[in-house]
């Protein structure tokens, strides 16, 4: 885009030099007679614009169109990032709300719901607390309530991270919880636009609240 605009500027400069030389040669002096080669040549078009002015306008429009395309591309990716952040926060809240509808019972009933994060998306899962040994972590055998795939332009920098809500409070457990004791007060999930270095961090605290940094 910059290269094309530079060519337009050079072309305009050359035309200006040509017109100046035409004026110096007496193009407007008395006695100048148009020839077949110069007949119809005018420094001003029928709309009142010179050729230079027309080319300058075209160059400016080309520049603005290129800038608009660039910014719309960047803006589209940022919108996709914000959208996925909102989806993640909403799904964490949804898992918490599902847990609040449960009552912990004996006999292998579901005792809570959690969210498992992976690079391409997330899974909302349910847990049978009768056989987990109070680990409260996602396992491949856990029933999946809902799965969500991220926009291809966005990626999660997560490696088997999960958050689990234990009914009926619900109590929050993060990846790495042992013997029914959560070993951390929050968990960070990094998210970014694919191919870029800047990272946004979603933090889930012990209340199940999600904040974005």
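Numbering (the UniProt record's numbering), first residue to last: 1 to 213.
All C-beta atoms, glycine included, are put in the ideal place defined by N, C-alpha and C.
None of the values given here were measured: they were computed from a predicted structure.
Contacts around residue i, its chain only, beta-carbon distance under 6 Å, and the 5 residues preceding and following it disregarded
| i | result |
| --- | --- |
| residue 39 | Residue confidence for residue 39 is low, a pLDDT of 48 falling below 50, so the modelled location carries little weight; the figure read from the coordinates is stated next. Here the set comprises nothing. |
| residue 98 | 113 |
| residue 138 | 116, 125, 162 |
| residue 77 | 153, 193 |
DSSP-derived helix/strand/coil call for residue i
| i | result |
| --- | --- |
| residue 61 | helix |
| residue 207 | coil |
| residue 56 | helix |
| residue 169 | coil |
Closest Cα partner of residue i within the set the options
| i | options | result |
| --- | --- | --- |
| residue 122 | 160, 136, 141, 185 | 160 |
| residue 197 | 155, 126, 186 | 155 |
| residue 118 | 88, 207, 63 | 88 |
| residue 111 | 165, 145, 54 | 165 |
| residue 85 | 101, 203, 141 | 203 |
Counterpart residues of residue i in DSSP-defined beta bridges
| i | result |
| --- | --- |
| residue 200 | 191 |
| residue 186 | 205 |
| residue 162 | 116 |
Cβ-based neighbour list, residue i, same chain, cut-off 8 Å, excluding 5 preceding and 5 following
| i | result |
| --- | --- |
| residue 258 | Residue 258 lies beyond the range of the chain shown here (1 to 213); nothing can be said about it. |
Close-in-space but distant-in-sequence residues of the same chain around residue i (CB under 7 Å, 5 per side omitted)
| i | result |
| --- | --- |
| residue 91 | 115, 122, 124, 148 |
Beta strand (DSSP E) runs wholly inside the stretch 76-160, at least 3 long, in chain order: 110-118, 121-128, 144-149, 154-157
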